[in-house]
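Rendered as structure tokens:
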């Protein structure tokens, strides 16, 4: 069994290697060779240059020009300023990156700004790996290697390294998701959490909604854990304080952003998604692909590409690893799933073999 000191030393080693690999990828990858990176960069630029959050407008997405940029490798003579189609994204990540932009822009060119932003993203990604370790350790308190394996998998997944090494709001969103999961695991283990503890969880959910709207699933998940905890003691009717402590920050933090979008894009569009759908005319759509290619080729491509992009597809999702590597990763995935199923069955069998007295003694 690993001692806590050994466990944290191994974690420090994992984080150091992860940061080294991510920083190297960030510095060696040519400018804009990551999905949507110029659009995310331009969101930060808009805040710096105008003092206001970007507003998504018709003309912010030009499919033909974007394809030209990608085909020519984003040459310096073709500006990336017209690539502005991420203006609907929540603002927290971009606001946090403004100081990085300003520091990096002093006496340096655009390349220095990109490298600085990428490196800060790498740090955020490393923090996410740390929180994943803490969550796994809380879930399996007596199995230290499991937490290290979880952190190591997240740290050395090639696609994860690539995404953490580029300018995007995914790393920060992942950090908040991991932090909320850590908090919810703590709540689930407690008989009753204080209102202040629920307020922290609610604030983290609210901040996640200010980072990326796809984190919305955290809100019903947090409410579900709260309801489960309250129902265990039959206290739902008396738990209004903790409910308010959870709901208020998760609602009030993103509320100004939603109201701003409703003012700009209409009352029915608090997330700006309807405006985004109107602006990105010409963007390849799944329905169009199915209409021209059929369901069979679509499902084949969906399964194959989803698997490959999970492990690693680089550039603008067009630079693949050697096919033999994906073959080895297929075998590895099968082994991982087999081991997971075996372990779940083993744990379930052990639970069934426990006597009622043993279950009470173990908290079951």
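Residue numbers (the numbering used here): 23 to 386.
Glycine included, every Cβ here is placed at the ideal spot set by N, Cα and C.
As the structure is a computational prediction, the values presented were derived from the model and not from experiment.
Query	Result
Assuming residue 164 is part of the alpha helix (DSSP H), what are its boundary residues?	Counting along the chain, residue 164 falls outside any alpha helix (DSSP H), and DSSP gives it neither H nor E.
Since I believe residue 275 is in contact with residue 218 (beta carbons under 8 Å), could you give me their beta-carbon distance rounded to a whole number of angstroms?	Going by Cβ atoms, the distance from residue 218 to residue 275 rounds to 16 Å, so no, they are not a contact pair.
Sort 243, 299 and 287 by Cα distance to residue 272 and report the nearest one.	243
Ends of the alpha helix (DSSP H) at residue 220?	217-231
Helix, strand or coil, according to DSSP, for residue 335 in the structure here?	strand
Span of the alpha helix (DSSP H) holding residue 290?	Per DSSP, residue 290 belongs to no alpha helix (DSSP H) and is neither H nor E.
Can you tell me whether residue 136 is buried or exposed, with buried defined as 16 or more other CB within 10 angstroms of its CB?	buried
Helix, strand or coil: how does DSSP classify residue 342 here?	strand
Got a sec, what are the start and stop residues for the alpha helix (DSSP H) residue 68 sits in?	59-72
Which term fits residue 192, buried or exposed, when burial requires 16 or more other beta carbons within 10 angstroms of its beta carbon?	buried
Helix, strand or coil for residue 23 per DSSP?	coil
Would you decide whether residue 223 is buried or exposed? Buried here means 16 or more other CB atoms lie within 10 Å of its CB.	buried
Is it buried or exposed for residue 307, if we count other Cβ within 10 angstroms and need 16 for buried?	exposed
Report yes if the CB atom of residue 65 is closer than 8 Å to the CB atom of residue 99, and no otherwise.	no
What does the Cβ neighbour count give for residue 247, buried or exposed, with the cut at 16 atoms within 10 Å?	buried
Taking 8 Å as the threshold (C-beta atoms), are residue 115 and residue 237 in contact?	no
Is residue 104 closer than 8 Å to residue 84 when the C-beta atoms are compared?	yes
With 16 other CB atoms within 10 Å as the buried threshold, where does residue 79 fall?	exposed
Do residue 177 and residue 36 have their C-beta atoms closer together than 8 Å?	yes
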